[in-house]
Structures are given as C-alpha cells and as structure tokens.
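Numbering (full-length UniProt numbering), first residue to last: 1 to 255.
Heads up, the beta-carbon is just placed ideally off N, CA and C, and yes, glycines get one too.
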C-alpha cells in the first residue's frame, strides 16, 4: 500500500475528515508533527504523496526576519522537491501559503481582513482541464479560517478557484500539486476548538457559538463536494487515475 507523508504544522489542525477520506481512497498515512519535535525527511523517497496542513503561524518572515516556524525552510524545500519530482501534493490553508512562498509567490496579512466561517468559492475556467477540480461543483461549499492570503501566485501557477475578496482560493503548480486556501478537513469539534477564546473572532466581533453553528450546518455540503476530490487525489497518488480528460490536443500536421 502506498504511503502519504502528512505534515501537521499545528496540533489544533489535524487530518480529521480528510484523513478518513484519504484512507478510504487506499492511502496509508504517516503523520509528522514538527511542532512537537518530529524531524522532517530530507526528501520524499518512498512516499506516494505529500499533504501539508494548516496552522496559526505565518508563511512570510517574522518581524525579526526569521521564518514563521523553525521547520518552515525545510518544509518549503520538501514542497519544491515535490513539485519538481511530480509527487502528488495537497496543501491546505497555511500549507497552500507555504506552497506559494516556496515557489516565489507572495503571502501577506490580508488587506481585506480575516475570512472566517462557511463560504462559497467559484471554480475558474481552468478547472475544466484539471484532473481533480473538474469534478468539483461550480460553487462548492468550503470552510474559511485565515487572516493571511496569497496575494501573488507563483509564476506558472494555474488558478482553479476564486472569490470576490480573496482571488486566490485554489491553484495548481505543475500537474500534481494543489494549494487550497480554505479548509476541507475540519469537523465541527475542530471549529469549536478554534472558536474558543479566539482573538480573530473577538477582532471581528463574531459570536463564537453562531460561527460554530453556521459551520456545522454546511459540514454535509463540504463533504459532498470534497470527499470525492480527496478520493481522486488518493487515486492519483496510487497511479490509478488515468488521463480521462476529454479535451485532447490535436495531432500536429504532418506528424
């Protein structure tokens, strides 16, 4: 059985439902927790996929010039190797921001302010040619919880989903690395934990109980949209996802 390497950047943001879906898709999961002292490998030898989760840290340098977490330089190195070696990669929220910064994209404190709670994102035209996104609904439900945003995608990235205030909601680098600014892994208990004594909710003057209830109402819709996405990602990592894109290039004249 193929193994996916999972990087957990924050103890409050684990695999949760996404882990269940990837396991259902046939992947074994090896979770490393660098926040708890687990060292990161030098490369991805022996792994069929890489999954990088979210966290409360920032993807851009701190005020003293240091990284947002001590392991971020090594993690960005793994993300570069994954893209270069075409290892299927799924990066979520902070993970997506690190995927961007690892490839010379830009992440900043969002000028639009924090984005919290249930939301819809819009699939872009390029999603029609994407092996995972072309089966996602046109306006899928997602869960948002971020104050930073990707303000500039890496050169060559393909934008797959957007929203009005936050234009870079999902993107692909190369043909096998996806970044999602939003969360698909959360369950209601995770949202409730994030809402407890949350500085960002206090900043927005949001009632934590109302936020949790609003997120809980869309959990089934999030699963309906993103469980098949996760299963297809697992199939890609297992080598079971063929080129079923109906849009094929025409042969060159004279070939």
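Residue i (DSSP reduced to helix, strand or coil)
{"i": "residue 227", "result": "helix"}
{"i": "residue 171", "result": "strand"}
{"i": "residue 34", "result": "helix"}
{"i": "residue 249", "result": "Below a pLDDT of 50, predicted positions are generally treated as unreliable, and residue 249, at 35, falls in that range; the measurement from the model is reported next regardless. Residue state, collapsed to three classes: coil."}
{"i": "residue 164", "result": "coil"}
{"i": "residue 101", "result": "helix"}
{"i": "residue 194", "result": "helix"}
{"i": "residue 151", "result": "strand"}
{"i": "residue 141", "result": "strand"}
{"i": "residue 12", "result": "coil"}
{"i": "residue 28", "result": "strand"}
{"i": "residue 2", "result": "coil"}
{"i": "residue 107", "result": "strand"}
Same chain, Cβ closer than 6 Å to residue i, neighbours up to 5 away in sequence not counted
{"i": "residue 51", "result": "4, 6 and 90"}
Chain-order list of residues whose beta-carbon lies under 8 Å from that of residue i (same chain, five-residue window excluded)
{"i": "residue 135", "result": "228, 229 and 232"}
{"i": "residue 28", "result": "1, 2, 3 and 4"}
C-beta atoms of residue i and residue j nearer than 8 Å
{"i": "residue 160", "j": "residue 123", "result": "yes"}
{"i": "residue 185", "j": "residue 15", "result": "yes"}
{"i": "residue 9", "j": "residue 69", "result": "yes"}
{"i": "residue 102", "j": "residue 80", "result": "yes"}
{"i": "residue 202", "j": "residue 148", "result": "no"}
{"i": "residue 26", "j": "residue 241", "result": "no"}
8 Å Cβ cutoff, residue i in contact with chain D
{"i": "residue 229", "result": "In summary, chain D is missing from the structure at hand, where a single protein chain is found."}
Beta-carbon proximity list for residue i, same chain, < 7 Å, skipping 5 on both sides
{"i": "residue 141", "result": "118, 120, 218, 221, 222 and 225"}
Beta-carbon separation (whole angstroms), residue i vs residue j, contact threshold 8 Å
{"i": "residue 105", "j": "residue 62", "result": "Residue 105 to residue 62, Cβ: 18 Å. No contact."}
{"i": "residue 22", "j": "residue 213", "result": "Going by Cβ atoms, the distance from residue 22 to residue 213 rounds to 28 Å, so no, they are not a contact pair."}
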